[in-house]
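Q: So the working numbering is basically just the index in the sequence shown, starting at one, shifted up by 38.
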Amino acid sequence: MVAAIASQKQPLHLFFGISELAEQNGDAKAARELSEYLGLPLHIVDIDPVNLLERLNFSLKDFEYYIWMLESFRPDISSIIEWSFKHEIYQQVRAIVPDLKVLLLGQGADEFAGGYSTIKITDLPDKETKLVNSWNEYKQQCQNQFENLGIAEKDNFFHLEMQLRLRSLQNHNLHGEDRTSASHGLEVRVPFLDHRLVGYLAAIPTELHQDLFWRKTIVRQSAIDFMPESYRERDKSYGVLPLTWQKGFLRQLVTHGFTEFQEKYLEDFCHKYVAESAHESFKKRLESWYINVQNDSEEWQESAIRLTNIMSTVIFNNLCQTRVQQN
């Protein structure tokens, strides 16, 4: 929709991330057909996680770069995984159209317009996606989530969900996306997250929520003048990075980077921040986690997450200290 509207002002380049999932769910076919309908060139970006993992071969140097790129502490290793993935996408975009300066993204169309109203929440990233069949089922799912989080539903449930999604904007849709694209000299803009539009959606009366936000109807109706019905009414598809890919990232990072991390950072970090009496036990704990990963023990993934979280903390701390000393 963003491309359909913006292309009326000037010619654009379209980019689409191709993967096995995108071919299977029809997204790739729809992207090709829509680019022909709009008369705009479509550039394919390879985002197949398996191919990407084999090509990147993560190391400590890569890990240091991603933490530097994001300019923030990321205790959750999944954040580093996601933005390293996005980094490769922007790198391909820049290589395809070297003179490109600005990218328009469709992010935000889901968060505040009911784009997630049809998906069933699951704690398992690689579990088959299941859909919610009605607005009432969606409402019950949200209320269950609020209860699990210990949040009292004092407001309309969809307003409360908007508020929860608002909390993730800074790190996810805004900061992370901005820093990752900027590392390739690109500026990303997210029209659906314009504060005026978000405020407008938040002000819609409760009695209209079901009619406008179920299946993102308000966005679909807004696209009537810009896109054929077959594209407007396509069901939303959902995809996540496969759990096997996330495990592969963790294993590569620990296997290729921990020994070098020990030599480069650990002694100085312990001297400055760990009680002298705890030096050896701290080092042994890290070493035991590393051995768990190497030996593929039952708890290897938990050990890898703990280890990489500490690695990211130490690297970010060193980065901050270095900048202070330089200034």
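Note that the Cβ used here is the ideal one computed from N, Cα and C, for glycine as well.
Using the beta-carbon count (16 or more within 10 Å), is tyrosine 328 buried or exposed?
A: The residue in question, tyrosine 328, is buried, as its Cβ has 16 or more Cβ neighbours within 10 Å.
Q: Are there 16 or more other CB atoms within 10 angstroms of the CB of asparagine 171, so buried, or fewer, so exposed?
A: Result: exposed.
Q: What does aspartate 84 pair with, by DSSP beta-bridge criteria?
A: DSSP, once it has assigned bridges, lists Ile56 as partnering aspartate 84.
Q: Mind reading off the beta-carbon distance from tryptophan 283 to valine 88? Whole number of angstroms is fine, and I expect it under 8 Å.
A: So it is a contact: roughly 7 Å between Cβ atoms.
Q: Going by DSSP, what residues sit across from glutamate 245 in a beta bridge?
A: Answer is none; glutamate 245 lacks a bridge partner.
Q: May I ask you to report which of helix, strand or coil DSSP gives aspartate 161?
A: Bear in mind that the predicted position of aspartate 161 carries a pLDDT of just 47, short of 50, making it too unreliable to give a figure here.
Q: Which residues does DSSP pair with arginine 227 in a beta bridge?
A: DSSP, once it has assigned bridges, lists Leu142 as partnering arginine 227.
Q: Would you list the residues sitting across from leucine 21 in a DSSP beta bridge?
A: This structure does not reach residue 21, given that the chain is present from 39 up to 365, and the question cannot be answered.
Q: Would you tell me roughly how many angstroms separate the C-alpha atoms of serine 219 and arginine 93, rounded to the nearest one?
A: One C-alpha to the other measures close to 20 Å.
Q: To the nearest whole angstrom, what separates the beta carbons of isoleucine 119 and isoleucine 85, a pair I think is in contact under 8 Å?
A: Not quite, the Cβ-Cβ distance comes to about 14 Å (not below 8 Å), so this is no contact.
Q: So what's leucine 169 in DSSP terms, helix, strand or just coil?
A: It is a strand residue.
Q: Could you have a look at methionine 349 and say whether DSSP puts it in helix, strand or coil?
A: Here methionine 349 sits in helix by DSSP.
Q: Tell me which residue opens and which closes the alpha helix (DSSP H) that glutamine 332 is part of.
A: 317-332 is the extent of the alpha helix (DSSP H) around glutamine 332.
Q: Taking the alpha carbon of leucine 143 as the point to measure from, which residue in Phe53, Gln359 and Glu58 has its own alpha carbon closest?
A: For the residues Phe53, Gln359 and Glu58, the minimum Cα distance to leucine 143 belongs to Phe53.
Q: Are leucine 72 and glycine 286 close, meaning C-beta to C-beta below 8 Å?
A: Going by C-beta atoms, leucine 72 is not nearer than 8 Å to glycine 286.
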